[in-house]
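S.K.:
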Amino acid sequence: MQPINQPRKVSEMSIVELFCDVDDFCMAFEPKWQAKLLDMGKKGRGPKRQMITSEIMSIVIHFHQSGYRNFKRYYIDHVQRHMHREFPKLVSYNRFVEYMPSVLAPLLCYMQSRLSHSTGINFVDA
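Heads up, the sequence shown stops at 131 in the numbering used here, and the numbers go up one at a time, no gaps.
1) Put T124 into one of helix, strand or coil per three-state DSSP.
2) Measure the C-alpha to C-alpha separation of L112 and M62 and round it to an integer number of angstroms.
3) Buried or exposed: D29, going by 16 or more other Cβ atoms within 10 Å of its Cβ?
4) Mapping the DSSP letters down to three states, classify H67 as helix, strand or coil.
5) Let me know the beta strand (DSSP E) ranges lying completely inside the segment 78–107, each 3 residues or longer, listed in chain order.
6) For Y79, I'd like the list of residues in its chain whose CB is within less than 8 Å of its CB, leaving aside the five on either flank, ordered along the chain.
This is how it looks when you write it as structure tokens:
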């Protein structure tokens, strides 16, 4: 059993646990990230995004754990069919793909925060 303050490995989490971990990270990360972004002069054009950052990130991370080789098949065959309870505001595949670039920076920071620290012991296997 891991101590409470240690994040669990992403590969050991269910989709609900994964979402909770990602959402906790986003709650702390997004205000800091938004404060650092440059103002591009565009103020709220178009409709607001239906899914939140942590939902999109959770689905992208879960894809890599799922065993699917094709994201479109994963999203259409698995997410849209079996995850409506977990993600009630699911969007079409095309809309989801449009959202993906917006979560790249938070996703990279999340994954970086979950890397284990080096113990200084290395092994070489030939």
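A virtual CB, placed ideally from N, CA and C, is assigned to each residue, including glycine. From a predicted model like this one, the values you see are computed outputs, not experimental measurements.
M.R.: Quick look at the numbers:
1) coil
2) 6 Å
3) exposed
4) helix
5) none
6) F68, S71 and Y73
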